[in-house]
Amino acid sequence: MERVFLGDTGIKVSRLCFGSLTITPFQANLPIKEGAELIKYAYSKGVNFLDTAELYDNYDYIREALKDINRNDFVITTKCYAYDKKTAEESLNKALKELDTDYIDMFLLHEQESIHTLRGHYEAIEYFTQAKKEGKIRAFGMSTHRVEGVLGAIEFDEIDVIHPIINKLGIGIQDGNVEDMLKAIEKAHNAGKGIYGMKPLGGGHLIKDAEEAFNFVRNIPYIDAVAIGMQSKDEVDANINLMNEGYIPDEVKRKIDKKKRKLIISYYCIGCGNCVRTCKNNGISIVDGKAVPNDNCIFCGYCAQSCPEFCIKVI
40 MERVFLGDTG
50 IKVSRLCFGS
60 LTITPFQANL
70 PIKEGAELIK
80 YAYSKGVNFL
90 DTAELYDNYD
100 YIREALKDIN
110 RNDFVITTKC
120 YAYDKKTAEE
130 SLNKALKELD
140 TDYIDMFLLH
150 EQESIHTLRG
160 HYEAIEYFTQ
170 AKKEGKIRAF
180 GMSTHRVEGV
190 LGAIEFDEID
200 VIHPIINKLG
210 IGIQDGNVED
220 MLKAIEKAHN
230 AGKGIYGMKP
240 LGGGHLIKDA
250 EEAFNFVRNI
260 PYIDAVAIGM
270 QSKDEVDANI
280 NLMNEGYIPD
290 EVKRKIDKKK
300 RKLIISYYCI
310 GCGNCVRTCK
320 NNGISIVDGK
330 AVPNDNCIFC
340 GYCAQSCPEF
350 CIKVI
C-alpha cells in the first residue's frame, strides 16, 4: 500500500484510510473484538490510517486494536463538535483516555460549514493549536460536506488538514456541485492543506458501480488519501485492491455481492419528505416525522441524492 505525506503536515499515511463509522452501533454494530480484528487485519495489509469521531462512540474498538498495532506507525484522526476551550479540552482528554494513547495524530472540528462557523469555533481552534505545540496532537483540521467549508478552511493557517466529502455524483455535498467541490479542494491542496476525501461511494449508494466511483476519487491528483467504510475482511480486501489496482477481483466481488444490504436513516433526519417524493418504488415513507424504508427499496440511490441532510446510507 502506497504511503503519502498528508499535505504539509509531515505525517505519512496509506492512501486508503479505514473509515470506522461503519463498524459502530450506528451502522453494522460489530462486536468490539470483531471490529478490532478488522482494524488489525487492514493494518496487516498496509492500511495505517484510521478515521473516527467522538460522535461514532467507537474508541473501544480502536483501543482494543492498538494492543497489537505499532502505535508509532498508526495514524489516528478523530473529530469533535467543540466550539470553545472547555469543550475542546474535554474532547481531547476523552480521546486520549479512551484510546489509551499519549497523543492523537490529527484532531478535526466535525462538519464545519463555512468561514463563519470556523470563526464561531475559534476558541476551540486556539486550544487545539496550543495542544499541537504541546505534542498532544500532531495536526489540526476540519471535516465538511460543503464547498464553503473547504474554502473557509483555506483562510486559517491553523488548519493543516481538510476532510471533504467527494464522489462522482456529488451525493452529500450540501452546497454547489462536484465541479465546485473539486475546484475548492484543488485550491486547498495547493495551499498546502492535507486532503483526505470521504464518501467515495456516496454512503453506499454507488456500491453497484464501486470500481468507477472509487477510481473517480482515487485518480484526483490533489486528494492525498481516501476514507471509506469497511465492515468485513472481504470489504477490506476489495478496498485495498481498488486503491492499489483500480478494480475488485472477481472472487472478492462475488463474496461482497452475496451480502444482504439494508437502507438506514440517520437520527438527524428532518422528515422533509424529499426522499418519498423522489422514490418511484414506494420504498420509503414518513412515519412520526422521520423517513422509514421498507421492503420495496431497490437501492437505486435516488433518495440519497435528494436528501439535504445526507442521512440515508446503505450498509
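Residue numbers (this note's numbering): 40 to 354. Yeah, the Cβ is synthetic: ideal placement off N, Cα and C, and Gly gets one too. Being a predicted model, the structure only gives us computed values, none of them experimental.
Quiz item: Quick one: any contact between the stretch 184–200 and the stretch 247–254, if contact means 3 or more CB pairs under 8 Å?
Solution: no
Self-check item: Ser324 vs Asn313 beta-carbon contact at 8 Å
Solution: Looking up residue 324 in the sequence shown gives position 285. Looking up residue 313 in the sequence shown gives position 274. No.
Quiz item: Whose C-alpha, out of Cys318, Arg110, Phe146, Gln344, is nearest the C-alpha of Asn335?
Solution: Counting from one through the sequence shown, the residue named residue 335 turns up at place 296. For Asn335, the nearest C-alpha among the options comes from Cys318.
Exercise. Report the option in Phe179, Ile176, Val189, Asp139 whose CA atom is closest to the CA atom of Thr156.
Key: The residue you call residue 156 lines up with position 117 of the sequence shown. Here the closest residue by C-alpha is Val189.
Quiz prompt | Closest by C-alpha distance to Ile164, when choosing among Lys133, Ala127, Ile176 | solution = As a position in the sequence shown, residue 164 is number 125, starting the count at 1. Out of Lys133, Ala127, Ile176, Ala127 has the C-alpha closest to the C-alpha of Ile164.
Self-check item: Backbone CA spacing between Arg355 and Lys72 [nearest angstrom]
Solution: The question about residue 355 has no answer, for the chain in this structure spans 40 to 354.
Quiz item: Would you call the stretch 71–90 and the stretch 299–310 touching, i.e. three or more CB-CB distances under 8 Å?
Solution: no
Quiz item: Cβ of Ala277 within 8 Å of Cβ of Ile287?
Solution: Here the question's residue 277 lines up with position 238 in the sequence shown. Here the question's residue 287 lines up with position 248 in the sequence shown. It is a contact, given that the beta carbons lie within the stated cut-off.
Quiz item: Under the three-state reduction of DSSP, which class applies to Asp90: helix, strand or coil?
Solution: The count along the sequence shown starts at 1 and reaches residue 90 at position 51. Of the three classes helix, strand and coil, the one that applies to Asp90 here is strand, per DSSP.
Exercise. Tell me, please, whether the stretch 206–221 touches the stretch 47–67 by the rule of three or more beta-carbon pairs shorter than 8 Å.
Key: no
Quiz prompt | Counted within 10 angstroms of its Cβ, other Cβ atoms place Tyr166 as buried (16 or more) or exposed | solution = Taking the sequence shown and counting its residues from 1, the one referred to as residue 166 is at position 127. Under this definition Tyr166 is a buried residue.
Practice problem: With distances taken Cα to Cα, identify the nearest neighbour of Ala330 among Glu76, Lys226, Cys308, Glu274. | Solution: Taking the first residue of the sequence shown as position 1, residue 330 is located at position 291. Measuring from the Cα of Ala330, the nearest candidate turns out to be Cys308.
Practice problem: Compute the Euclidean distance between the alpha carbons of Lys133 and Glu93, then round it to the nearest angstrom. | Solution: By 1-based counting over the sequence shown, the position of residue 133 is 94. By 1-based counting over the sequence shown, the position of residue 93 is 54. C-alpha separation (whole angstroms): 8 Å.
Quiz item: Just checking my contact of Ala264 with Arg54 at CB under 8 Å: how many whole Å lie between their CB atoms?
Solution: Numbered from 1 along the sequence shown, position 225 holds the residue referred to as residue 264. Numbered from 1 along the sequence shown, position 15 holds the residue referred to as residue 54. With 8 Å as the limit, Ala264 and Arg54 qualify as a contact, their Cβ atoms being about 5 Å apart.
Quiz item: Exposed or buried, which one is Ser83 when buried takes at least 16 other CB atoms within 10 Å?
Solution: One-based indexing of the sequence shown puts residue 83 at position 44. Classification of Ser83: exposed, given that the 10 Å Cβ count is below 16.
Quiz item: With a CB to CB cut of under 6 Å and the five nearest residues on each side skipped, what residues in its chain are close to Met282?
Solution: Against the sequence shown, residue 282 aligns to sequence position 243. Excluding residues within five positions, the ones whose Cβ falls inside 6 Å are Arg54, Leu55.
Quiz prompt | Environment of Lys169 [buried if 16+ CB atoms lie within 10 Å] | solution = Translated into the one-based positions of the sequence shown, residue 169 becomes position 130. The residue asked about is misnamed: residue 169 is Gln in this sequence, not Lys. So Gln169 counts as exposed.
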